[in-house]
Amino acid sequence: MKDSRKFYKALGDLFYAIAAADDTVRAEEKAQLDKEIQFAWKHYDNSTDRFGSDRAFLTEFEFEAMEDSMISAEEAYNAFEAYFDDHQQEIDTYTRVRIFNSARHIAEATRKLNKEETKYLIRLKNLLRV
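Going by the working numbering, the final residue of the sequence shown carries number 1083, and the count climbs one at a time with no gaps.
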């Protein structure tokens, strides 16, 4: 990954889009996001920012910034899609599966998938080709 900072910000856009698909970001979805960062992304590439914090935490920061700005799920998804289109050669199959699984786990955090979340997951699966 050439620029892990942009990658993790794009993940924040995507995960926000999934959580906000039904126009409501629930506490369970935020808790699952934190779990995904801790267990799936924190040690993914061991990149750190200038303060020594793992860059994976940019994902949560971007998620919260999107939520605070009340960005629509569609706009957030489109931001991830634009990033992916520009960088897909850098993202291997293993990483694509990891991205999809994290998105699915966030969508399933409330015990059931709703119609809007399912639509985004289908779009994501097609985009990532997983």
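For every residue, glycine included, the Cβ atom is placed at its ideal position computed from N, Cα and C. Keep in mind it's a predicted model, so treat the numbers as computed, not measured.
request  = Specify, as a first and last residue, the run of the alpha helix (DSSP H) that Y1030 falls within.
outcome  = What you label residue 1030 is simply residue 77 of the sequence shown in a count that begins at 1. Where Y1030 is concerned, the enclosing alpha helix (DSSP H) stretches over A1026 to H1040.
request  = Under the assumption that Y961 contacts T1012 (Cβ atoms under 8 Å), give the Cβ distance between them as a whole number of angstroms.
outcome  = For the purposes of this step, residue 961 is taken as residue 8 along the sequence shown, with counting starting at 1. For the purposes of this step, residue 1012 is taken as residue 59 along the sequence shown, with counting starting at 1. Yes, Y961 and T1012 are in contact; Cβ-Cβ is about 5 Å, under 8 Å.
inquiry  = In whole angstroms, give me the CA-to-CA distance for F968 and G1005.
reply    = As a first step, residue 968 must be located in the sequence shown, where it is residue number 15. As a first step, residue 1005 must be located in the sequence shown, where it is residue number 52. Rounded to the nearest angstrom, the two C-alpha atoms are 24 Å apart.
task = With DSSP collapsed to three states, give me the class of D956.
result = Stepping through the sequence shown from its first residue, residue 956 is reached at position 3. Of the three classes helix, strand and coil, the one that applies to D956 here is coil, per DSSP.
key: Whole-angstrom distance between E1034 and L1081, CA atom to CA atom   = Taking the first residue of the sequence shown as 1, we reach residue 1081 at position 128. Taking the first residue of the sequence shown as 1, we reach residue 1034 at position 81. Distance between the alpha carbons of L1081 and E1034 is about 10 Å.
inquiry  = Only counting the same chain, and skipping five residues up and downstream in sequence, which positions put a Cβ closer than 7 Å to that of K955?
reply    = For the purposes of this step, residue 955 is taken as residue 2 along the sequence shown, with counting starting at 1. Cβ within range, chain order: E1043.
ask   = Just the Cα atoms here: how many angstroms apart are G965 and F1014?
value = In the sequence shown, the residue the question calls residue 965 occupies position 12. In the sequence shown, the residue the question calls residue 1014 occupies position 61. Distance between the alpha carbons of G965 and F1014 is about 7 Å.
key: Closer than 7 Å: K959 CB and nearest the ligand SAH heavy atom   = What this structure holds is no ligand at all, so the ligand SAH is not there to describe.
request  = Drop a sphere of 10 angstroms on the beta-carbon of A1060, count the other beta-carbons inside from all chains shown, and report buried for 16 or more, exposed for fewer.
outcome  = Your numbering for residue 1060 matches position 107 in the sequence shown. When all chains shown are included, A1060 counts as buried.
query = Is the CB-CB distance between A1009 and M1019 below 8 Å?
reply = On the sequence shown, residue 1009 is found 56 positions in, with the first residue counted as 1. On the sequence shown, residue 1019 is found 66 positions in, with the first residue counted as 1. Contact flag unset, no.
key: Residue from E1069, E981, F1016 and K995 with nearest C-alpha to H1058   = Your numbering for residue 1058 matches position 105 in the sequence shown. When only C-alpha atoms are compared, the closest one is E981.
task = Out of D976, A1062, T977 and H1040, point me to the one whose CA is closest to S957's CA.
result = To locate residue 957, count along the sequence shown from 1; it is residue 4. Checked all of D976, A1062, T977 and H1040; the closest Cα to S957 is H1040.
message = Which residue wins for smallest C-alpha separation from T977, given the options D987, R1049, T1063 and K1078?
response = Translated into positions along the sequence shown, residue 977 becomes position 24. Residue T1063 is the option with its Cα nearest to T977.
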